Amino acid sequence: MNTKWWKEVVVYQIYPRSFKDSNGDGIGDLKGIIEKLDYIQSLGIDVVWLNPVYESPNDDMGYDISDYRAIMQQFGTMDDFDVLLEGLHQRGIKLIMDLVVNHTSDEHPWFQESRKSRDNPYRGYYHWWEAEKGTPPYRWSIFDKESNAWKYDAATDSYYFHIFSEKQPDLNWENPIVRKEVYDMMKFWMDKGIDGFRLDVITCISKDTAFPVLSDEMPAGAWFPYYAKGPHLHEYLQEMNREVFAQYDCMNVGEASGVNIEEALLFVNEDRQELQTFYHFEHTGFGIHKEHFMLEDETNRDLVAWKKIFERWDQVFLEKGWGTIYLGNHDMSRMTSRYGNDSPEYRAYSAKMLHTFLLTMRATPYIYNGDELGMTNTNHTDIAAYQDLYTINYYHQLKEKGEDAQAFLHGHARISRDNGRTPMQWDDTEQAGFTTGKPWLAVNQNYTAINAAEQAHNPDSVLNYFKKLVQFRKENPLLVYGAFALVDENNPQLFAYTRTLHNQTFLAVLNFSDTNAQLHTNLSIEQSIIRMGNYAIPSQNYSFRPYEAVIYEL
Ligand code: NOJ
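Be aware that the sequence shown starts at 336, since it is given in the working numbering, and climbs by one per residue.
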């Protein structure tokens, strides 16, 4: 058993813009997080992952960085950051930061210089295509208003490349000076005492810079196999490991968009000295349209297929490597709405069931802020309610093309990123106690019923159940390292599995449906000890109520 501290931790993700506003400008900030340090500690989590807090014009909410060594003014100052880091460390909590280095903001001084002239010393920091070579071969861009990753820049009669918005030009990783700049910047933060990084769209950093013409067959959105995951990706990750990670006792997790299971170990096999962990997306795409980011079939929840995804991703890391597990983050809708059931009747049951899942799998769990309360989607179908550039740009693009933008919005509403970005619901006062001003994104109106203050005092709340589960995981290394095996794997309603270490076995049974479900197994539940359950009296007879979750010790 290859034990490591970063395999044993529970990570709590904080989206600073929506966590707590300390100065009434409607935008969450570092002082707000500092005010909530005791709350964060009370969760029992070990690591905080902070979404980007660097200086940024916020075209993509901080994922467009204009200064990697300064704190975004809206969020506070470097002094605030230092206080936050110290406050976390005093409470025994580690901090990992977002590392966004596939691209910068177009307002970053490097890009400002780069676009000035063709012989500017910073020219080679980005990907340029001179207009006299003709129109560059088409590349799809996720956030561009015209879905085109090339943007013409008149100053030098050239196009620059941006997979994300036109305000997020891609850095040229083939330039060793760029790589050195990145490693120096990472060391700046590591030397400040942070504990590691989450690596944004890290599979995009290497691309085929000859930019060959791609087949017309390439579906929109399929950019990873076509022009990310380039030939030097592993070389760069090994270099980053040598230059930075190997120098510190730290943790890292890559956002591994486009990585399939066959390639998994290339990234995280410890013998290769690249990454420790990454997160994949295979389980998140269910029911989602291939081209438009919308739910096409709400009923398309094939639990049997979904379970097998988790089984495969468990097996691939049996000998080497290590996995992560998550159901929500700032790029997704709320886990309770997406994988559970946000009706008043089942919201709390299903949120607790999903937490039982996250905290009993053999992988490092990531919990997104607000999910510990079972916060839910807003599902807006009015474009004026949105702040996310993806939703806004795509909606207007469809409109301009004369397509049915409103139909898109209806399908998109339940999976839009803004669902996961609504302000934290602290209490039942105006604006959910998030701000004394007008929040940058409207508060979910269910805050009077769903909020941290109420849940702290309610022994049956999602929050208190979550805290108990975190403790339970800590007290039972079996839940971290124990072998995972599906039980009754073809059951379309129940996700059941055992976790076994030495001679101890736990059985988790999770009902993902809103009707009673029967477990078929030879394992003897009647004789077992019930360790956790989300109903007042957990089932001990193979029949499970809607969204019931039980952990037995066999
Ligand atoms: C992934 C981040 O999680 C997302 O929020 C962002 O828009 C893109 N990368 C671009 O940086």
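Idealized CB from N, CA, C, for every residue including glycine. Every value quoted in this text rests on a predicted model; they were computed, and no experiment measured them.
Let me confirm a value: residue i is counted as buried when at least 16 other C-beta atoms fall within 10 Å, else exposed. Which label applies?
i	result
residue 497	buried
residue 340	exposed
residue 523	exposed
residue 413	exposed
residue 548	exposed
residue 903	Any answer about residue 903 is impossible in this case: the structure gives the chain only from 336 up to 889.
residue 766	buried
residue 639	exposed
residue 764	exposed
residue 373	exposed
residue 631	exposed
residue 839	exposed
residue 468	exposed
residue 876	exposed
residue 793	exposed
residue 731	exposed
residue 670	buried
residue 752	buried
residue 404	exposed
residue 409	buried
residue 555	exposed
residue 426	exposed
Nearest to residue i by alpha carbon, out of the options?
i	options	result
residue 612	671, 646, 587	587
residue 344	665, 839, 697, 571	697
residue 594	580, 618, 583, 767	618
residue 384	526, 407, 522, 534	534
residue 834	649, 365, 661	649
residue 690	657, 439, 802	802
residue 661	640, 695, 676	695
residue 574	477, 614, 508	508
residue 641	856, 830, 428	830
residue 358	349, 350, 370	370
residue 760	699, 483, 842, 711	711
residue 668	362, 490, 705	705
residue 602	515, 379, 576, 624	576
residue 365	400, 402, 418, 382	418
residue 657	791, 442, 816, 867	816
residue 562	521, 553, 348	553
residue 379	874, 805, 825, 853	805
residue 600	849, 590, 517, 655	655
residue 796	852, 870, 737	870
residue 276	699, 754, 737	Because residue 276 is not part of the residues shown, which for the chain are 336 to 889, the question remains open.
residue 432	420, 659, 426	420
residue 836	790, 889, 860, 844	889
residue 381	444, 512, 809	809
At a cut-off of 7 Å, is residue i close to ligand 1 when judged by its beta-carbon and the heavy atoms of the ligand?
i	result
residue 381	no
residue 499	yes
residue 505	no
residue 435	yes
residue 618	no
residue 590	yes
residue 706	no
residue 536	yes
residue 665	yes
residue 441	no
residue 398	yes
residue 395	yes
Contiguous beta strand (DSSP E) assignments of at least 3 residues, all confined to the stretch 485 to 524: 485 to 488, 493 to 496
Completely contained alpha helix (DSSP H) runs for the stretch 664 to 751, where each covers 4 or more residues: 670 to 674, 682 to 693, 724 to 735, 740 to 747
Complete beta strand (DSSP E) runs within the stretch 758 to 828 (minimum length 3 residues, chain order): 818 to 822
Start-end ranges of the alpha helix (DSSP H) lying completely within the stretch 557 to 581, minimum 4 residues: 558 to 562, 568 to 578
Secondary structure, alpha helix (DSSP H): runs of 4+ residues fully inside the stretch 594 to 622: 599 to 603
Uninterrupted beta strand (DSSP E) stretches inside the stretch 455 to 489 (no shorter than 3 residues): 463 to 465, 485 to 488
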